[in-house]
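For any residue, its number in my numbering is found by taking its place in the sequence shown, counting from 1, and adding 38.
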Amino acid sequence: MSFVSHTMLVKTLCVCSALLVCSINTAAENVSWPKVNTALKPDPAIEQQLDVLLASMSIEQKVAQIIQPEIGYLSVAQMRKYGFGSYLNGGNTAPYGQKQADAKTWLQYADEMYAASVDSSEDGSSIPTIWGTDAMHGHSNVYGATLFPHNIGLGAARDADLIHKIGQATAKEVAATGIEWMFAPTVAVVRDDRWGRTYESFAEDPDIVATYAGPLVTGVQGEISEAFLTDYRRIATAKHFIGDGGTENGIDRGDTVTSERALRDIHAAGYYTAIAAGVQSVMASFNSWNGKRVHGDHYLLTEVLKQQMGFDGFVISDWNAHKFVDGCDLEQCAAAFNAGVDVMMVPEHFEAFYHNTLQQVKHGVIPMARLDDAVRRFLRAKLRWGVFTRGKPSTRPESLKPEWFNAPEHRDLAREAVRKSLVLLKNNNNILPLSPKSKVLIAGDGADNIAKQAGGWSVSWQGTDNTNADFPNATSIYTGLRQQIAAAGGTVELSIDGQYRSKPDVAIVVIGEEPYAEWFGDIQQLEYQHGNKRDLALLKRLKQQNIPVVTVFLSGRPLWVNKELNASDAFVAAWLPGSEGQGIADVLLTDSAGNIQYDFHGKLSFSWPKYDDQYRLNVGQAQYEPLFAYGYGLTYADEVLLAPLSEATRAQKVEHAAEQTPLFVRNLADGMLWALSDSSAPLQRFNTPSAVSADGNSITMQSVNLAYQEDGRKFVWQNADNRAAASLVYAETQLLTQAVRSKFLQLSIRLDQTAINDMTMAAMCHQQSCLRTVSLQPLLQHLPAGKWHSLALPLHCDAADTMPSVEEAVRFTAKQPSSLAVADIALVNNVASSTLVLGCGS
């Protein structure tokens with residue numbers, strides 16, 4: 039399956055192929071979108087069955103079909119009562135709350151929900167429900183599944199046949215757990231590498247995305263033939279429609295400010311081929327387009343996607359995304375439904391949403407024709423899949439093949455994908471490939487760290503709480519290297535910090551980004567380890583000892599690594615390779631006879647920055663000046679000497695004089711960490727959603743939700759340790775400038791218990807001294823417990839220059855068992871009238 043050019047579509051809309059029937063309208067204010075020509079046509083028998091079904095269904099049953107709860111909140115009893123058309127597991131949720139639940143347990147849970155959905159004793163409906171899951175890079179939420187490289191690595195592989203096979207393998211593993219529906223593939227075209235979901239994209243250019251989307255969909259759903267959606271094949275979802283990869287400043291769920299022509303020619307590239315391949319579901323995107331939320335955009339969802347492009351499947355919303363649409367909240371959103379969303383993903387407030395939607399239909403706010411259209415679209419996909427004839431999950435033929443789950447052939451395929459995804463950026467003096475008979479030091483915190491090589495969306499949503507024990511069938515990069523080196527007679531020493539017992543012939547250093555997902559991965563700086571260059575220090579120390587250094591770089595995006603490149607003899611972009619770390623050894627090492635096992639194959643699908651301020655660096659743009667261009671990638675046949683690179687920085691540091699300096703808004707800002715302290719250990723630092731103080735019981739931290747998933751933190755004081763504190767701290771000590779002193783510290787706070795005597799909040803602290811300290815006790819008369827409120831603490835009350843530097847931006851303490859939650863912490867110049875300001879006399 040070869041690559042086809044998308045260039046003509048980008049330039050003129052018209053691609054002369056069997057996929058598209060093109061019409062051109064050059065008027066900028068009236069852009070035409072292509073009608074997709076697909077072999078998937080309406081089946082008269084299914085359409086007749088839909089007519090009968092819709093005529094027999096009550097309004098209550100129809101509304102239940104188009105609401106999708108999440109298993110962390112949905113009970114079997116609620117499924118039996120309402121008969122919801124679908125349900126999902128989120129990135130942090132597994133059946134019965136068991137993170138390490140095996141495939142058999144997932145199948146058991148599917149049976150329970152299926153049985154409840156077909157039980158008509160309460161809701162009068164026997165329409166089977168279906169289960170949706172984020173199968174981002176394999177069946178990645180499930181313990182023990184095969185994890186393929188994330189999409190950014192697959193984009194570098196430039197192999198559409200490989201993508202098709204990965205779709206098939208993933209569908210088989212999903213089928214083995216009884217799940218019918220996958221929220222994949224992601225077909226975003228990323229234009230700003232600061233975006234936290236960059237690694238979910240195949241490329242910055244629409245060519246690769248367009249070429250991959252169709253083969254991946256057919257891998258999951260099957261070709262449009264007698265085999266379509268039969269046997270192991272699952273329902274696929276193209277996401278996120280549309281413009282998710284183009285937001286301003288790479289802010290997740292932000293605003294994509296661009297022309298309609300660019301939206302059509304760049305960001306829609308993957309949808310043309312996905313729809314042509316028969317994709318049954320399209321997920322709407324969180325982002326806005328030119329200020330309007332896509333979830334509420336009738337023009338995009340209905341007029342463009344369904345009418346002009348001819349998509350006959352259904353549109354699913356993203357997790358609680360409806361609440362950002364004008365006129366909506368968590369419990370109702372007629373606007374999104376009327377705009378063209380067919381199935382509403384309402385994880386936790388589904389009962390209220392059901393009742394409110396029911397009333398909106400009965401009162402005409404949602405037209406009956408719109409409800410019927412949505413139900414028809416959703417049931418059409420379910421009928422195409424055969425939901426009425428397949429029976430309960432555990433009795434289906436494809437579910438009776440547990441050998442499909444983490445099958446050896448799937449692991450071999452993932453290992454092949456790792457090999458093909460690796461991009462060789464530097465190989466001075468042809469240091470690679472290495473002899474496995476050498477004395478090799480393996481260093482860096484990514485070497486024996488499967489969580490780090492897997493990245494986010496791996497067993498858990500963020501991936502930050504994982505250990506090697508959460509990947510029982512996986513192989514770390516170190517293990518893969520050790521096995522081959524030991525078999526050839528060489529020696530291996532693993533040392534994370536690079537200290538060794540015997541001087542090695544060469545060091546392989548595995549470093550890179552910590553796991554993240556969605557907005558938690560949004561960054562402000564492209565420089566790797568900005569402000570804390572511990573990995574660079576490791577590389578330099580080894581180089582100073584005249585040890586050749588091969589750096590294996592794990593990342594979800596290109597980053598500015600000029601300094602690390604200069605400190606390395608060879609540098610490999612390994613992306614996020616997944617569970618089969620031995621694929622890296624296959625390429626880096628020769629066999630025992632000195633022959634190349636596998637050459638480097640990968641070519642950059644994202645341009646690599648030359649400067650640290652090249653945030654939007656995309657092939658084809660004006661003044662294109664990358665360090666390594668789109669399509670770059672060395673092989674062992676190349677003899678390229680990379681000269682020393684400039685290490686000068688150009689990116690402007692975010693100034694404190696800005697209107698707002700985020701510290702923790704949705705996620706930690708660059709250079710910020712959480713910290714817990716108690717009488718046994720001061721300021722233990724964390725960048726994870728949850729943590730416990732060093733003594734194990736004084737204070738705990740866990741994630742909570744304000745406006746987004748895990749965008750807040752809850753602190754619980756368990757005992758009366760007077761030194762137990764929760765803090766938002768700077769990674770490095772900061773000067774307390776006059777610009778900072780002139781601001782307000784603003785935050786959202788929720789007091790979860792009324793007994794908060796002696797609870798305090800302090801701002802801008804250094805050791806035991808703080809610029810401001812206030813008691814929270816008087817706030818009870820203003821801030822009822824259990825609700826979120828906005829507070830602001832002015833920092834300009836004390837004009838004395840008594841604190842030149844600070845470590846902690848804000849600190850909370852309590853002298854008795856208490857709890858509170860915080861979110862949206864920032865330094866601001868001005869506060870809103872609804873914000874409670876704690877004056878200088880507080």
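For glycine and all other residues, C-beta sits at the position ideal for the given N, C-alpha and C.
For residue i versus residue j, is the C-beta spacing smaller than 8 Å?
i: L789; j: A823; result: yes
i: E551; j: G594; result: yes
i: L463; j: I84; result: no
i: Q902; j: V413; result: The chain is shown from 39 up to 880; residue 902 falls before or after that span and cannot be answered.
i: Q620; j: G518; result: yes
i: G284; j: T275; result: no
i: Y250; j: F266; result: no
i: G616; j: V497; result: no
i: M938; j: F279; result: Because residue 938 is not part of the residues shown, which for the chain are 39 to 880, the question remains open.
i: V610; j: V590; result: yes
i: V742; j: G734; result: no
i: R810; j: M797; result: no
i: L472; j: V544; result: yes
i: G536; j: L580; result: yes
i: L126; j: M383; result: yes
i: I737; j: A762; result: yes
i: G334; j: A307; result: no
i: Y653; j: E242; result: no
How should residue i be labelled, buried or exposed, when 16 other C-beta atoms within 10 angstroms of its C-beta is the threshold for buried?
i: I97; result: exposed
i: D862; result: buried
i: G281; result: buried
i: Y309; result: buried
i: M95; result: buried
i: S856; result: buried
i: S540; result: exposed
i: L582; result: Note on residue identity: the sequence assigns Gln, not Leu, to residue 582. Q582 comes out exposed.
i: A407; result: exposed
i: K601; result: buried
i: H401; result: exposed
i: V678; result: exposed
i: E565; result: buried
i: K825; result: exposed
i: L876; result: buried
i: S871; result: exposed
i: D269; result: exposed
i: T775; result: exposed
i: A695; result: Since pLDDT at A695 reaches only 41, below the 50 mark, its modelled position is unreliable, and the value read off the structure follows with that caveat. Exposed, because fewer than 16 other Cβ atoms sit within 10 Å of the Cβ of A695.
i: R434; result: buried
i: H44; result: Confidence at H44 is low in this model, with a pLDDT of 38, below 50, so the placement of that residue is unreliable and no value is reported for it.
i: C878; result: exposed
Please report the Cβ distance between residue i and residue j, rounded to the nearest whole angstrom; I am assuming they are in contact, meaning their Cβ atoms lie under 8 Å.
i: T893; j: H188; result: The structure shown does not extend to residue 893, since the chain is modelled only from 39 to 880, so the question has no answer here.
i: P107; j: F352; result: So it is not a contact: roughly 17 Å between Cβ atoms.
i: S715; j: Q722; result: 7 Å
i: S459; j: G191; result: 3 Å
i: A864; j: Q805; result: About 24 Å; that fails the 8 Å criterion.
i: S124; j: I168; result: 5 Å
i: G182; j: P385; result: With a Cβ gap of about 25 Å, G182 and P385 do not count as contacting.
i: G316; j: K344; result: Their Cβ separation, rounded to whole angstroms, is 15 Å, which puts G316 and K344 out of contact at 8 Å.
Taking the runs of the beta strand (DSSP E) that are 3 residues or longer, which of them lie wholly in the region 769-854?
-> Complete beta strand (DSSP E) runs here, min 3: 782-789, 798-804, 807-813, 826-832, 843-851.
(message) So, does the region 625-633 touch the region 440-452, judging by three or more C-beta pairs under 8 Å?
(response) Touching, no, given that fewer than three Cβ pairs across the two stretches are closer than 8 Å.
Item to complete: Starting from the N-terminal side, write out each stretch of the alpha helix (DSSP H) that is 4 residues or longer and does not extend beyond the region 366-425.
Response: Those alpha helix (DSSP H) runs which fall completely within the region 366-425 and span 4+ residues are 372-377, 388-400, 406-423.
Answer yes if the region 659-675 comes into contact with the region 630-649, meaning at least three C-beta pairs across the two stretches below 8 Å, and no otherwise.
Yes, they touch.
| task | Enumerate, from N- to C-terminal direction, the unbroken alpha helix (DSSP H) stretches of 4 or more residues contained entirely within the region 668-715. | result | Considered as a whole, the region 668-715 harbours no complete run of any alpha helix (DSSP H) with no fewer than 4 residues.
For the region 591-631, which segments carrying the alpha helix (DSSP H) assignment without a break, of at least 4 residues, lie completely within its bounds, in sequence order?
-> With a minimum length of 4 residues, the continuous alpha helix (DSSP H) runs that stay inside the region 591-631 are 600-604, 620-626.
Secondary structure, alpha helix (DSSP H): runs of 4+ residues fully inside the region 203-291
Runs of the alpha helix (DSSP H) lying entirely within the region 203-291 and spanning at least 4 residues, in chain order: 244-259.
Which ranges would you report for the beta strand (DSSP E) in the region 506-572 if only whole runs of at least 3 residues count? Within the region 506-572, the complete beta strand (DSSP E) runs of at least 3 residues are 529-532, 544-550.
inquiry  = For the region 766-783 against the region 842-857, do three or more pairs of beta-carbon atoms, one drawn from each stretch, fall closer than 8 Å, so that the two count as touching?
reply    = The region 842-857 and the region 766-783 touch, with three or more beta-carbon pairs separated by less than 8 Å.
Under 8 Å, with one C-beta from each stretch per pair, do the region 210-218 and the region 143-154 reach the 3-pair mark? The region 210-218, when compared against the region 143-154, does touch it at the 8 Å Cβ threshold.
Kindly confirm or deny that the region 424-443 and the region 353-363 touch, where touching means at least three C-beta pairs closer than 8 Å.
As far as the Cβ criterion goes, the region 424-443 does not touch the region 353-363, which means the pair count is below three.
* Inspect the CB distances between the region 642-649 and the region 695-713 and report whether three or more fall short of 8 Å. => The region 642-649, when compared against the region 695-713, does not touch it at the 8 Å Cβ threshold.
Quick check for students: name the residue ranges of the beta strand (DSSP E) that lie wholly in the region 308-349, counting only runs of 3 or more. For the region 308-349, whole beta strand (DSSP E) runs of length 3 or above, ordered along the chain, are 319-322.
| message | With three or more C-beta pairs closer than 8 Å as the rule, is the region 193-208 touching the region 153-168? | response | No, the region 153-168 is not in contact with the region 193-208.
Mind pulling the beta strand (DSSP E) runs of 3 or more residues that sit fully within the region 135-207? Considered as a whole, the region 135-207 harbours 168-171 as its complete beta strand (DSSP E) runs of no fewer than 3 residues, in chain order.
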